[in-house]
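>
There are 2 protein chains.
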Amino acid sequence: MMKTILKSAKETVVISPEEPTRLIGERINPTGKKRLAAALNDGDLSIVKQEAEEQVAAGADILDVNVGAAGVDEVDMLPKAVQLVMETVDVPVCIDSADPVALEAALKVHRELAPEGKPLINSVNGEEERLEAVLPLVAEYGAAVIGLAMDDDGIPPDSEKRFAVVRKIVERAEGLDIPREDIVIDCLALTVGADSQAAVVTLGAMRLVQEELGLNMTLGASNVSFGLPEREVINWAFLAMAIQNGLNCPIVDPAKVRQAVLAADLLLGRDDYAMRYIKAYKQRG
Amino acid sequence: MMKTILKSAKETVVISPEEPTRLIGERINPTGKKRLAAALNDGDLSIVKQEAEEQVAAGADILDVNVGAAGVDEVDMLPKAVQLVMETVDVPVCIDSADPVALEAALKVHRELAPEGKPLINSVNGEEERLEAVLPLVAEYGAAVIGLAMDDDGIPPDSEKRFAVVRKIVERAEGLDIPREDIVIDCLALTVGADSQAAVVTLGAMRLVQEELGLNMTLGASNVSFGLPEREVINWAFLAMAIQNGLNCPIVDPAKVRQAVLAADLLLGRDDYAMRYIKAYKQRG
């Protein structure tokens, strides 16, 4: 079984089909969050610290760190935010930026604070420019990387073409001696409100990745319900289906989905005697 | 695509992978319901009438009718209950009994009230005695039938053996010229609290039925969470996974699961513009 191993200075997290689903906390990201975006513009990282603590308390196994917002100098702020998260909580981090220079600055800080560490980079995709900029960083810093199933032609509209992009990313990574267990695939969730086939395509691509390559997979699952009422009901059902198709480290708000993810793990035989499910239930009171 | 067509006197329901998931209302069944069992013992069918109305209002597409309880004469009561349900609501019925004599008495009443009708019979399984008693009734009355994946050796502990029982039921039915679209398979949900592999085995068997035979499938889904806290969270996740694996007419309490089933249909591309999902949300207020 494919094992992606992430490490902070203090904790190791194994992502694998044999392990329980790992939650990547999504909340340190100013997209759609005006208060966080404004704070980052002021150089204020207090919300980042708070979100780090709260998400770990809610069950996050890994924390995504993204400071990309209009007016924010990511090359300056991303390393600072990564450092603060690493000093605040013990879990591994997922360094998230569209700017390769900011990624490298944050990777340097990560290496200083955790010389034996292994972060996740979010993300590479099948675009030539992106492959050329990000994969060398993955190799040089011994990181793992999220590979998005899109390329220079955009997000493919069918499962087979998304899978073809995944293959291309894996081949290019292996060309730089990045082992495939260090690649975590994101087949991309689009909203079913706009396209009734959106989730079918994503789930189909995941099934191909699961069956043909056996790679570990992430997904920004909540996009699927954008614009619809009672989003949690849709998100929970989508997570259950996607976990069945190989999703094992979704990027989510752990407080909102942990219960449903624990139920999915229980059903898939990853929670003997329902111990994790029952423990989480009791902790919530 | 396989189409199972059920008919009452007034309504036709098509069960097919291309259609939205159909809900078989489970509540007209005295198992575990002391008040209903006592009423049936007194010959009182008022609860049956009430449950029929409430389940259809909650979204049931088909109603299971079971009067099996200690002290109840099913041969007398099952036809009466079926008649009352047929006179109360328009949806097709699923005639549910372990007693072939009671089944036939109810089938006769069904034929009188709906000469062109087609009920579902619950159930046959791979036991010799059961095959010999029930399949001739299915053929004679032109009914459809639920086939349970168990036989004289009990419920097989792995997916492949459950699938082997399914194949046997299909072969035996076809030997009586019962077309396979009139067979609805139940791969049997056992509780994950007792066996961490219980749902894995069920889901694996369903995948085999889906891929190898393409038969329509039912499931008494809520068994899976027996004895565990927050059963709905587990049941919803299980329904999402099972619907992805071909479940298209679960036996459920519609008031408890309809929302989750509509979400699953939406994700699987069976609800254009999310119209059914949004309509149900608005109706609930």
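Residue numbers (my numbering), protein chains in the order written: chain P, 1 to 285; chain L, 1001 to 1285.
Glycine residues also receive a C-beta, built at the ideal position from the N, C-alpha and C atoms.
On the premise that L203 (chain P) lies in contact with M241 (chain P), defined as a C-beta separation below 8 Å, what is that separation, rounded to the nearest angstrom?
About 6 Å separates the two Cβ atoms, so the contact holds.
> By DSSP, does G1204 (chain L) sit in helix, in strand, or in coil?
Helix.
> Output needed in chain order: residues of the stretch 184-196 of chain P with a Cβ under 7 Å from some Cβ in chain L.
Answer in chain order: V192, G193, S196.
> Pull out every residue of the stretch 1254-1277 of chain L whose Cβ sits closer than 9 Å to any Cβ of chain P, in chain order.
Those residues of the stretch 1254-1277 of chain L that come within reach of chain P (Cβ to Cβ, closer than 9 Å) are Q1259, A1260, V1261, L1262, A1263, A1264, L1266, L1267, L1268, G1269, R1270, D1271, D1272, Y1273, A1274, Y1277.
> Whole angstroms are fine: how far does the CA of G68 (chain P) sit from the CA of S97 (chain P)?
So the two alpha carbons sit approximately 7 Å from each other.
> So which residues of chain P does L1219 (chain L) contact, with C-beta pairs closer than 8 Å?
Under the 8 Å cutoff, chain P gives no residues; its nearest Cβ is about 13 Å from L1219 (chain L).
> I need the straight-line Cα distance from I1155 (chain L) to Q83 (chain P), nearest angstrom please.
Going from the Cα of I1155 (chain L) to the Cα of Q83 (chain P) covers about 55 Å.
> Quick one: does the C-beta of I146 (chain P) sit closer than 7 Å to a heavy atom of the ligand HEM?
Inclusion of the ligand HEM in the displayed structure is not the case, the ligand content being empty and no account of it being possible.
> Using only alpha-carbon positions, find the residue among L:A1237, L:K1007, L:V1165, L:Q1283 that is nearest to V1200 (chain L).
V1200 (chain L) has its Cα closest to that of L:A1237, out of L:A1237, L:K1007, L:V1165, L:Q1283.
> In or out: P288 (chain P) buried (at least 16 other Cβ within 10 Å) or exposed?
Outside the shown range of chain P, which is 1 to 285, sits residue 288 (chain P), and nothing can be said about it.
> Counting only C-beta atoms, is Q283 (chain P) closer than 8 Å to chain L at any point?
Judged by the 8 Å Cβ criterion, Q283 (chain P) is not in contact with chain L.
> Counting pairs of Cβ atoms below 8 Å between the stretch 1002-1012 of chain L and the stretch 265-274 of chain P, do you hit three or more?
No: the two stretches stay apart, fewer than three of their Cβ pairs being nearer than 8 Å.
> Suppose contacts are defined by Cβ-Cβ distances below 8 Å. Is E26 (chain P) in contact with G220 (chain P) by that definition?
Result yes, Cβ atoms of E26 (chain P) and G220 (chain P) sit closer than 8 Å.
> Can you find a CB in chain P that lies within less than 8 Å of the CB of L1103 (chain L)?
No, no contact with chain P.
> Which of the residues in the stretch 1237-1254 of chain L, read from start to end, lie with their CB under 7 Å from any CB of chain P?
If the cut-off is 7 Å between Cβ atoms, the stretch 1237-1254 of chain L has A1237, F1238, A1240, M1241, Q1244 near chain P.
> Could you tell me the distance, in whole angstroms, from the CA atom of E11 (chain P) to the CA atom of V65 (chain P)?
Computed Cα separation, rounded: 17 Å.
> Counting only beta-carbon atoms, is I234 (chain P) nearer than 8 Å to chain L?
Yes, I234 (chain P) lies at the interface with chain L (some Cβ there is under 8 Å from its Cβ).
> Would a check of beta-carbon distances place P1136 (chain L) closer than 8 Å to chain P?
So, not an interface residue.
> Measuring CA to CA, which of L:D1152, L:P1229, L:F1226, L:I1146 is closest to L1288 (chain L)?
Any question about residue 1288 (chain L) goes unanswered here, given that chain L covers just 1001 to 1285.
> From L78 (chain P) to Y277 (chain P), what distance separates their C-alpha atoms?
Going by the C-alpha atoms only, they are around 35 Å apart.
> Look up L1247 (chain L) in the DSSP assignment and say whether it is helix, strand or coil.
In this structure, L1247 (chain L) counts as strand in the three-state DSSP scheme.
> Provide the residue span of the alpha helix (DSSP H) that contains N41 (chain P), from first to last.
Here the alpha helix (DSSP H) through N41 (chain P) covers 34-41.
> Taking only beta-carbon positions, decide if V1200 (chain L) is within less than 8 Å of chain P.
Yes, because at least one Cβ of chain P sits closer than 8 Å to the Cβ of V1200 (chain L).
> For Q1259 (chain L), count neighbouring Cβ atoms within 10 angstroms of its own Cβ and tell me buried if that reaches 16, exposed if not.
By the 10 Å Cβ count, Q1259 (chain L) comes out buried.
> Could you tell me which residues DSSP puts in a beta bridge with V93 (chain P)?
V93 (chain P) pairs with P:L63.
> Given a threshold of 16 other Cβ atoms within 10 Å of its Cβ, counted over all protein chains shown, does D182 (chain P) qualify as buried or as exposed?
Flag for D182 (chain P) reads buried.
> For a quick check, are the C-beta atoms of L1045 (chain L) and Q1055 (chain L) less than 8 Å apart?
No, the Cβ-Cβ distance between L1045 (chain L) and Q1055 (chain L) is not below 8 Å.
> Taking the alpha carbon of V233 (chain P) as the reference point, which residue from L:K1049, L:S1222, L:Q1197, L:A1263 has its own alpha carbon closest?
The shortest C-alpha separation from V233 (chain P) is found at L:A1263.
> Spatial neighbours of V101 (chain P) within its chain, please: CB distance less than 6 Å, with the 5 preceding and 5 following residues excluded, ordered by chain position.
So the qualifying residues of the chain are V75.
> Which residues, in chain order, does the stretch 1006-1040 of chain L contribute to contact with chain P at a C-beta distance below 9 Å?
Those would be none; no residue qualifies.
> Can you tell which of P:L137, P:P115, P:G71, P:S16 has its C-alpha closest to the C-alpha of N122 (chain P)?
The residue with the shortest Cα to Cα distance from N122 (chain P) is P:L137.
> Applying a beta-carbon distance threshold of less than 7 Å, which residues of chain P neighbour P1229 (chain L)?
Under the 7 Å cutoff, chain P gives I278, Y281.
> Per DSSP, T1004 (chain L) is paired with what?
Answer by DSSP bridge pairing, in chain order: L:I1015.
> Using only the alpha-carbon positions, how far apart do M1124 (chain L) and D90 (chain P) sit?
The displayed chain sequence assigns Val, not Met, to residue 1124 (chain L). Between V1124 (chain L) and D90 (chain P), the C-alpha separation is close to 56 Å.
> Does DSSP put L268 (chain P) in a helix, in a strand, or in coil?
The answer is coil: DSSP assigns L268 (chain P) none of H, G, I, E or B.
> So, are the CB atoms of A139 (chain P) and L120 (chain P) less than 8 Å apart?
Cβ distance not < 8 Å, so A139 (chain P) and L120 (chain P) don't count as in contact.
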